[in-house]
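Residue numbers (my numbering): 964 to 1056. The block underneath contains the structure these notes are about, expressed in structure tokens.
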Ligand SMILES: [Zn+2]
């Protein structure tokens, strides 16, 4: 048989509908409360989802996603962009 496989969906991974669904799942699981809770930064109300490990490693597995408020997500989201010499709150992976 040379029936075409249902069009590969890998191209859509990590974007749009599927990502929004996962994000909603994570926010619901964490009850919309920020899990990062960075002192002096956190606004508590999570509207973002943070990758606790590199997205390249885990994809969008929700076990590695946590609810995060925009402030915390921004703060820890991309350490390479932070000029702050503060020590990172996590150890090397
Ligand atoms: Zn926060």
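Don't be surprised by glycine CBs; every beta carbon is placed ideally from N, CA and C.
| Check | Outcome |
| --- | --- |
| Buried or exposed: where does residue 1008 fall if 16 or more other Cβ atoms within 10 Å of its Cβ makes it buried? | exposed |
| Using only CA atoms, which one of 1003, 979, 1011 lies nearest to residue 1030? | 1011 |
| Grouping DSSP H, G and I as helix and E and B as strand, with all else coil, what is residue 999? | coil |
| Quick check on the DSSP output: the beta strand (DSSP E) that includes residue 1030 runs from which residue to which? | 1028-1031 |
| Taking DSSP's pairing of strands, which residues face residue 1008 in a bridge? | 996 |
| Does the distance from the C-beta atom of residue 996 to that of residue 1013 stay below 8 angstroms? | no |
| Cα-Cα, which of 1023, 1034, 1035, 1037 is closest to residue 985? | 1023 |
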